[in-house]
Amino acid sequence: MNATLPTPLDVRLMNMTATVLFVGCVVGVLVAGGAWLLRQPAFAIGHIAVEGDLVHTSALSLRANVAPQLVGNFFTVDLEAARRAFEQVPWVRSAHVRREFPSGLRVQLQEHDVAAYWGPEGSATLVDSQGEVFEADADDVEQDGLPRLLGAPGRSAEMLDMARRLAPVLEPLAAGIDTLELTGNGGWRVALAGGAVLELGSGTQDLVLDRARRLVSTLPGVARQQGRGVDALEYADLRYADGYALRLRGVTTVATEAQRVAAQREAERKAAARAAARARAAAKNNRGQD
-9 MNATLPTPLD
1 VRLMNMTATV
11 LFVGCVVGVL
21 VAGGAWLLRQ
31 PAFAIGHIAV
41 EGDLVHTSAL
51 SLRANVAPQL
61 VGNFFTVDLE
71 AARRAFEQVP
81 WVRSAHVRRE
91 FPSGLRVQLQ
101 EHDVAAYWGP
111 EGSATLVDSQ
121 GEVFEADADD
131 VEQDGLPRLL
141 GAPGRSAEML
151 DMARRLAPVL
161 EPLAAGIDTL
171 ELTGNGGWRV
181 ALAGGAVLEL
191 GSGTQDLVLD
201 RARRLVSTLP
211 GVARQQGRGV
221 DALEYADLRY
231 ADGYALRLRG
241 VTTVATEAQR
251 VAAQREAERK
261 AAARAAARAR
271 AAAKNNRGQD
């Protein structure tokens, strides 16, 4: 029986070297072929399909603005970078980008739903229905009667919520909210569409709304006493604990100043009456004990 002789070391090394070289050549050919294939025009981004309810931007303009920023082809394009590029377009709130074989992208867009203007007149910033501040051309806004919010950007959602809650409360004044401002010291100020200014003061939203309701419920009577209607309101300061001061168009005195003085005198009269009643009761008890 013939024993199998071991393969000489130099032969094994030659075989291993040949195998490594062969595998390396195959890998190199595959890499080169893949690189050549990826560079073929067939895989260049040929179309971008845009989906979503677009009101303020067109799919054509979106593609024209974003396409020059896309780097690579179907296989190499950075989808995250493409998403950011779409979200930089005015009015676009969010974008979801995916590949569409063999040479396209499909983009699902959501626009901002504008709810208010943000910042001073002429500012190119708006607030959407989620309270998020975004940049866009205010001339593109189609809705009428939107309020303008003035305050710190970090409180835009809070301010939008306040405007929504305040609008129905002030509706009986027959003038919508033109501007709602949150001042640096935390006070709320409203300018109505008719020109009247309301100083609502600081505190919780419920407390501020209660002050507004008190004004709305009592203003018709106060204005009627001066021969005016609620549309004569020019200014109201609601930062008093038990009342408010106001100015009416055509009335030279501040009506509630006189009311406050009268109310103070009435309160003093009642307090004196209560003190006198307590004194009489105490005197009566003392006589009973004697």
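Under the numbering used here, the first residue of the sequence shown carries the number -9, and numbering increases by one thereafter. Glycine is no exception: its CB is placed at the ideal position from the N, C-alpha and C atoms.
Does the region 221 to 234 come close enough to the region 178 to 192 to have 3 or more Cβ pairs within less than 8 Å?
A contact exists between the region 221 to 234 and the region 178 to 192.
Are the CB atoms of E171 and G141 nearer to each other than 8 Å?
Along the sequence shown, read from residue 1 onward, the residue named residue 171 stands at position 181. Along the sequence shown, read from residue 1 onward, the residue named residue 141 stands at position 151. Cβ distance < 8 Å, so E171 and G141 count as in contact.
Sequence-distant residues of its chain with Cβ nearer than 6 Å to M(-9) (five each side left out)
The residue labelled residue -9 in the question sits at position 1 within the sequence shown. Legend: pLDDT at M(-9) = 48, less than 50; position of this residue unreliable, no value from coordinates given.
Using CA atoms only, rank isn't needed, just tell me which of A106, S119, L223 is closest to L163.
Translated into positions along the sequence shown, residue 163 becomes position 173. From the listed residues A106, S119, L223, the smallest Cα separation to L163 is found for L223.
Here's the rule: buried if 16 or more other CB atoms are within 10 angstroms of the residue's CB, otherwise exposed. What is R138?
Working through the sequence shown from its first residue, we reach residue 138 at position 148. R138 comes out buried.
Identify the residues that DSSP records as bridge partners of V123: which are they?
The sequence position of residue 123 within the sequence shown is 133, counting from 1. Residue pairing of V123 in beta bridges, as defined by DSSP: V117.
First and last residue of the beta strand (DSSP E) that includes A85?
Taking the first residue of the sequence shown as position 1, residue 85 is located at position 95. Start and end: 82 to 90.
For D130, which residues from the same chain have a beta carbon less than 6 Å from its beta carbon, with the 5 sequence-adjacent residues on both sides left out?
Within the sequence shown, the letter at position 140 stands for residue 130. Excluding positions up to five away in sequence, the list reads H46.
Give me the residue from S51, G94, P143 with the minimum Cα distance to G62.
Residue mapping note: residue 62 aligns to position 72 of the sequence shown, counting from 1. Residue G94 holds the alpha-carbon nearest to the alpha-carbon of G62 among S51, G94, P143.
Based on the DSSP output, what are the partners of H46 in its beta bridges?
As a working mapping, residue 46 is identified with position 56 in the sequence shown. H46 is not bridged to any residue.
Looking at C-alpha atoms only, which residue of G211, Q78, I38, R270 is the closest neighbour of P92?
The count along the sequence shown starts at 1 and reaches residue 92 at position 102. Cα-wise, what sits closest to P92 is I38.
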